[in-house]
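Chemist: This structure is in structure tokens; I'll ask about it shortly.
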Amino acid sequence: MKKLLGSAVVGIVGLGLFATSVTATEYEVQKGDNLWTIAKENNTSVEELMEINELDTEVLQPEQLIQIDTETTYIVERGDTLSHIAMKHGVTVEDIQEWNELETTLILIGEELTLKEVNKVEANASTKNNASSQEQEETPVASEPAAAKEEPKQEAAPKEQKAEPKKEAQSSETVAVSATAYTAKCDGCSGITATGVNLLENPNMKVIAVDPNVIPLGTRVHVEGYGEAIAADTGGAIKGNKIDVHVPTKDEAFAWGVRQVNVTILD
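For the sequence shown, the positions run -24 to -1, 1 to 243 when mature numbering (1 follows the signal peptide of the UniProt record, and there is no 0) is used.
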């Protein structure tokens, strides 16, 4: 008796920068159906079906089309943050954390995040079409205040990111980063790090430049392909999941190039 019209999965890859997949299921109401039985058969709730389809009544019409669920899988790329992803998809950081059971705002390159979207009901009955068109006309008006409410949350995201270092500094936690190299032996270089380490006097000291919002200064780490080091410096171009490893000479800096490595927090 029940009829699911289809489940569609669409994958999108844009210039090698990101990948998403969208899954949606559409259900056609049959004679004798009600929201409770549809919700039970599809492992959801009446409230969720009413919210997804913007229904203001539980009365259904035969041949009415209802969205059961729509989810997007987003693959985290370099430079992404939860606040950026939330803003891009019109949700909140808290929504993404709840959907993916995230305890912190730390995300890793290649991590898959589940994002949910709201879809409108489609009805074949003329009365429902009129109601649906009214809902759709009202939606942009309703969405503007919603966006205004979300923006302060996103502005507050830096506070969450400032709290991250305490959680990121936990022993054995690993962060995927893009790593370049630098040397203190260059024209105009003072050789003194942000924490006061003199690299000209200690050319072989293992030091990395970091974004303190991702890896706090003073943190002892292990960098893949580099070894144990101290996060003792910063840099104007070092933002987000990027680091600069210190090496004694320019030749070594050129030889290092740009690498994708894992940084393990030791303490």
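Built from N, CA and C at the ideal position, the CB exists for glycine as well.
Please read these numbers as outputs of a predicted model, since none were measured by experiment.
Which whole-angstrom value is the C-beta distance of G201 and V237, which I expect to be below 8 Å?
Modeler: 6 Å
Chemist: Please confirm whether I44 and T81 have their CB atoms less than 8 Å apart.
Modeler: no
Chemist: Since N180 contacts P224 with CB under 8 Å, what's their CB separation in whole angstroms?
Modeler: 6 Å
Chemist: May I ask you to report which of helix, strand or coil DSSP gives D220?
Modeler: strand
Chemist: Note the first and the last residue of the continuous beta strand (DSSP E) segment covering E200.
Modeler: Careful: E200 lies outside any beta strand (DSSP E) and carries neither H nor E.
Chemist: Under 8 Å between the Cβ atoms of T169 and I241?
Modeler: no
Chemist: Assuming A205 contacts V199 (C-beta within less than 8 Å), just tell me the rounded distance between them.
Modeler: 6 Å
Chemist: Three-state secondary structure (DSSP) at residue 244?
Modeler: Outside the displayed range of the chain (-24 to 243) lies residue 244, so it cannot be described from this structure.
Chemist: Could you tell me the distance, in whole angstroms, from the CA atom of G164 to the CA atom of Y50?
Modeler: 43 Å
Chemist: Whose C-alpha, out of E39, L91, R54 and M63, is nearest the C-alpha of T48?
Modeler: For the set E39, L91, R54 and M63, the Cα lying nearest the Cα of T48 is the one of L91.
Chemist: What separation, rounded to the nearest whole angstrom, lies between the Cα atoms of A107 and P192?
Modeler: Confidence at A107 is low in this model, with a pLDDT of 42, below 50, so its placement is unreliable and the value that follows should be read with caution. Answer to the nearest angstrom: the Cα atoms are 54 Å apart.
Chemist: Please report the distance separating the alpha-carbon of N105 from that of N18.
Modeler: Any reading at N105 must be qualified, since the residue scores a pLDDT of 44, below 50, and its modelled position is unreliable; the value itself is stated next. Answer to the nearest angstrom: the Cα atoms are 25 Å apart.
Chemist: Rounded to the nearest angstrom, how far is the Cβ of G55 from that of G216, given a contact under 8 Å?
Modeler: 5 Å
Chemist: Closest to T159 by CA distance: which of H222, E149, V186 and S166 is it?
Modeler: H222
Chemist: Mind checking L89: buried by the 16 CB within 10 Å criterion, or exposed?
Modeler: buried
Chemist: With a Cβ-Cβ cutoff of 8 Å, do V69 and L84 count as a contact?
Modeler: no
Chemist: Using 8 Å as the threshold, is the C-beta distance between T210 and A185 below it?
Modeler: yes
Chemist: With which residues is T171 paired in a DSSP beta bridge?
Modeler: BP columns for T171 are empty, so no partner.
Chemist: Return the bridge partner residues of D209 from the DSSP annotation.
Modeler: A185
Chemist: Considering only C-alpha positions, which residue in the set T150, E149, A213 and Q73 is nearest to A157?
Modeler: A213
Chemist: Name the residue from D227, S154 and Q40 whose alpha carbon lies nearest to the alpha carbon of G8.
Modeler: Q40
Chemist: So T90 is in the beta strand (DSSP E); what residue range does that whole segment cover?
Modeler: Run containing T90: E88 to K92, per the beta strand (DSSP E) assignment.
Chemist: Run through DSSP, which three-state label would E27 get?
Modeler: helix
Chemist: Measure the C-alpha to C-alpha separation of H65 and E24 and round it to an integer number of angstroms.
Modeler: Looking at the backbone, the Cα of H65 and that of E24 are separated by about 19 Å.
Chemist: Could you have a look at N76 and say whether DSSP puts it in helix, strand or coil?
Modeler: helix
Chemist: From V234 to V151, what distance separates their C-alpha atoms?
Modeler: 16 Å
Chemist: Going by DSSP, what residue range makes up the beta strand (DSSP E) through A160?
Modeler: No beta strand (DSSP E) contains A160, which DSSP labels as neither H nor E.
Chemist: Taking Cβ to Cβ, would you say V239 is nearer than 8 Å to V183?
Modeler: no
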